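Heads up: the sequence shown begins at 0 in numbering that gives the first Met the number 0, then just goes up one per residue.
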Amino acid sequence: MTDTIDDALTVPLTDRGLAYGDGLFETVLVRDGVPALWHEHCERFALGAQRLGIEAPSREWLDALLERAPAGLQVLKIILTRGSGGRGYRPPMPATPRCYWQFIPFTPMPARWESGIEARLCRLKLGRQRALAGIKHLNRLENVMARQEWQDDAIAEGILLNDLDQLVEATAMNLAWHEHGQWWTPALTECGVEGTLRRALVESGQLAVVSAAPLSRLLQARSACLLNSVQGLWPITQCCDPDNQHVLARWQIDEPVRHLQREAHRLLGHATTFSTS
């Protein structure tokens with residue numbers, strides 16, 4: 000395992016993470032050296048490494064990174080690649096993985112917590128691949144292409160469907176909606192990233208998982224939100240079509256939204272004192 004500090008980063012052109020997206024990454028919210036959802040991040044990292052067949056850093060190695068955390072609110076980004084070698088797509092046996100890391104100062108966006116955000120439906124559809132579903136692998140071209148669809152800063156996120164027109168996630172966040180007294184989130188067994196905040200809320204019973212949910216489930220819901228382990232929970236106030244010509248649905252920021260937001264932000268240490276509209 001090669002440990003690289005990103006402040007003096009030099010990535011060789013032969014690195015398979017650069018050449019093929021052959022690797023994983025994690026982004027962890029760290030407050031004064033204390034990581035949020037650290038157990039969940041480490042488990043997802045280990046699972047992803049196992050799926051790709053890359054030797055993962057030990058938990059002790061990862062824990063030691065936190066000792067280098069600057070004061071204040073930071074995001075720790077960790078990138079694991081298979082390293083260099085092999086011939087074409089054939090990976091080297093054995094491989095010498097590289098792990099790059101960096102602490103980045105982070106400022107949250109409380110206006111989005113309070114007032115919610117506008118989203119749009121993306122044209123791009125996510126392909127289904129069970130071998131990669133759930134993990135945070137480096138090949139995020141689908142997400143990049145989806146995010147490239149709009150430049151309007153008033154639209155914060157894009158909603159992604161799979162190639163069967165089933166709900167999956169947003170470009171950088173997980174998706175949830177409230178109907179019939181329950182919060183729901185799409186199953187991520189065929190594509191999408193299983194966010195650590197999403198996992199914690201599912202395991203605590205705050206979110207229920209549903210398979211093969213059509214777009215209509217979201218559009219007919221009473222309220223909806225996006226969430227991840229860095230930004231927290233953003234209520235969605237409306238979603239427009241891919242051409243930004245028509246509003247497909249509007250949602251309330253109601254008490255169920257605030258309840259889920261309080262639970263999510265408690266896990267992350269973010270502020271939680273917001274009113275309903």
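Glycine included, each C-beta is placed from N, C-alpha and C at the ideal position.
Everything numeric in this text was worked out from a predicted model, so none of it was measured.
Could you tell me the boundaries of the beta strand (DSSP E) in which PRO185 lies?
Translated into positions along the sequence shown, residue 185 becomes position 186. Per DSSP, PRO185 belongs to the beta strand (DSSP E) from 181-185.
Quick check: the Cα distance between MET144 and ALA171, rounded to an integer number of angstroms?
Translated into positions along the sequence shown, residue 144 becomes position 145. Translated into positions along the sequence shown, residue 171 becomes position 172. Cα to Cα, MET144 sits roughly 12 angstroms from ALA171.
Neighbourhood of GLY20 by C-beta distance below 6 angstroms, restricted to the same chain and skipping five residues each side:
Here residue 20 refers to the residue found at position 21 when the sequence shown is read from its first residue. Hits under 6 angstroms: LEU137, ASN138.
Coarse secondary structure for ARG86, derived from DSSP in three states:
Position 87 of the sequence shown, counted from the first residue, corresponds to residue 86. Three-state result, ARG86: strand.
Do the region 29-40 and the region 154-167 make contact, defined as three or more Cβ pairs closer than 8 angstroms?
no
Pull up the DSSP beta-bridge partners for GLY119, would you.
As a working note, residue 119 is residue 120 in the sequence shown. The sequence shown places Arg at residue 119, rather than the Gly named in the question. Paired residue(s): GLY157, CYS239.
Would DSSP call THR106 helix, strand or coil?
In the sequence shown, residue 106 corresponds to position 107, counting from 1. If DSSP states are grouped into helix, strand and coil, THR106 belongs with coil.
Residue span of the alpha helix (DSSP H) that contains CYS41, given as start and end:
Taking the first residue of the sequence shown as 1, we reach residue 41 at position 42. From DSSP, the alpha helix (DSSP H) with CYS41 extends over 37-51.
Beta-carbon proximity of LEU232 to LEU166, cut-off 8 angstroms:
For the purposes of this step, residue 232 is taken as residue 233 along the sequence shown, with counting starting at 1. For the purposes of this step, residue 166 is taken as residue 167 along the sequence shown, with counting starting at 1. No, Cβ-Cβ distance for LEU232 and LEU166 is not below 8 angstroms.
Within the chosen definition, does the region 94-107 reach the region 58-76 through at least 3 CB pairs nearer than 8 angstroms?
yes
Could you check the C-alpha separation between TYR88 and ARG81 for me, to the nearest Å?
For the purposes of this step, residue 88 is identified with residue 89 of the sequence shown, where counting begins at 1. For the purposes of this step, residue 81 is identified with residue 82 of the sequence shown, where counting begins at 1. If I take the Cα positions, the gap works out to 12 angstroms.
Is DSSP giving TRP112 helix, strand or coil here?
Within the sequence shown, the letter at position 113 stands for residue 112. Correct three-state label for TRP112: helix.
What number of angstroms, rounded off, separates the C-alpha of ASP162 from the C-alpha of GLU66?
Numbered from 1 along the sequence shown, position 163 holds the residue referred to as residue 162. Numbered from 1 along the sequence shown, position 67 holds the residue referred to as residue 66. ASP162 and GLU66: Cα-Cα distance of roughly 43 angstroms.
So, TRP149 versus ARG119, is the Cβ gap smaller than 8 angstroms?
Sequence index remark: in the sequence shown, residue 149 carries index 150 (1-based). Sequence index remark: in the sequence shown, residue 119 carries index 120 (1-based). Against a cut-off of 8 angstroms, the Cβ pair of ARG119 and TRP149 comes out as a contact.
Between the Cα of GLU178 and the Cα atoms of ALA212, GLY194, MET92, which residue gives the shortest distance?
In the sequence shown, the residue the question calls residue 178 occupies position 179. Checking every option, the nearest Cα to that of GLU178 belongs to ALA212.
6 angstroms CB neighbourhood of GLY85 in its chain, flanking five on each side removed:
Sequence index remark: in the sequence shown, residue 85 carries index 86 (1-based). Contacts found: PRO91.
Verify whether the separation of the beta carbon atoms of LEU79 and PRO96 is less than 8 angstroms.
Walking along the sequence shown from the start, residue 79 turns up at place 80. Walking along the sequence shown from the start, residue 96 turns up at place 97. For LEU79 and PRO96, yes; Cβs fall inside 8 angstroms.
Quick check on GLY191: buried or exposed, where buried means 16 or more other Cβ atoms within 10 Å of its Cβ?
By one-based count along the sequence shown, residue 191 stands at place 192. Buried.
Ignore the nearest five residues each way along the sequence and tell me which others in PRO11's own chain have a CB closer than 7 angstroms to its CB.
Your numbering for residue 11 matches position 12 in the sequence shown. Excluding residues within five positions, the ones whose Cβ falls inside 7 angstroms are SER83.
Let me check understanding here. Comparing Cα to Cα, which of GLN128, THR271, ALA263 lies closest to SER228?
In the sequence shown, the residue the question calls residue 228 occupies position 229. For SER228, the nearest C-alpha among the options comes from ALA263.
One question on the structure: do PRO185 and VAL201 come within less than 8 angstroms of each other, judged by their Cβ atoms?
In the sequence shown, counting from the first residue as 1, residue 185 sits at position 186. In the sequence shown, counting from the first residue as 1, residue 201 sits at position 202. No, the pair does not count as a contact, with Cβ atoms beyond the cut-off.
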